[in-house]
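Chemist: When we follow my numbering, the leftmost residue of the sequence shown carries the number 740, and every step to the right adds one. To start, I am sharing the structure in question, which I have written as structure tokens.
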Amino acid sequence: MIFPTPANSTLVSATASGGTVAGTVTTSGGNVVLTVPGPIAGGTSFTPPAVTINVTAGSPGTPITSKYAGTSYASPGMTMTTNVQWIGGVATACYPNPSPTLTTTTVS
740 MIFPTPANST LVSATASGGT VAGTVTTSGG NVVLTVPGPI AGGTSFTPPA
790 VTINVTAGSP GTPITSKYAG TSYASPGMTM TTNVQWIGGV ATACYPNPSP
840 TLTTTTVS
């Protein structure tokens, strides 16, 4: 999953914790990227780790709104590779449309 750094803020750090599968976060091009390595067995339900993103606020009076990344299949917010017996690896990409607001904070 990809989370862009919200407008009116500067990325300070990001961490992953909890969930039923381990994950790591990295930063790339102003985005926070959550990676959950596989394999995850077919038919398994899992919860990815929670991602905590710390930012420094910008201009007062302007909200900081966090959302998922992705605007199209060419620019997805989530990608997966699925191994299908007899076919091999199949790449899957998706994006939220519309992207839901995860949090909003007004800087005072």
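Backbone N, C-alpha and C define an ideal beta-carbon position, used for all residues, glycine too.
1. When the Cα atoms are used, what is the spatial distance from residue 846 to residue 786?
2. So residue 741 is in the beta strand (DSSP E); what residue range does that whole segment cover?
3. Could you check the C-alpha separation between residue 838 and residue 775 for me, to the nearest Å?
4. Could you tell me the alpha carbon to alpha carbon distance between residue 765 and residue 788, rounded to whole angstroms?
5. Return the Cβ separation of residue 747 and residue 792 in integer angstroms, given the expectation that the two are a contact with Cβ distance under 8 angstroms.
6. Taking C-alpha atoms, which residue in 810, 821, 794 and 800 lies nearest to residue 751?
7. So who's on the other strand from residue 804, going by DSSP bridges?
8. Rounded to the nearest angstrom, how far is the Cβ of residue 755 from that of residue 763, given a contact under 8 angstroms?
9. Suppose only complete runs of 3+ residues qualify. What are the beta strand (DSSP E) ranges in the segment 769 to 793, listed by chain order?
10. If the criterion is Cβ atoms closer than 9 angstroms, does the pair residue 749 and residue 770 meet it?
11. Distance, Cα to Cα, residue 773 vs residue 817?
Modeler: Taking the geometry as given:
1. 32 angstroms
2. 741 to 743
3. 21 angstroms
4. 14 angstroms
5. So it is not a contact: roughly 14 angstroms between Cβ atoms.
6. 794
7. 843
8. 6 angstroms
9. 770 to 774
10. no
11. 9 angstroms
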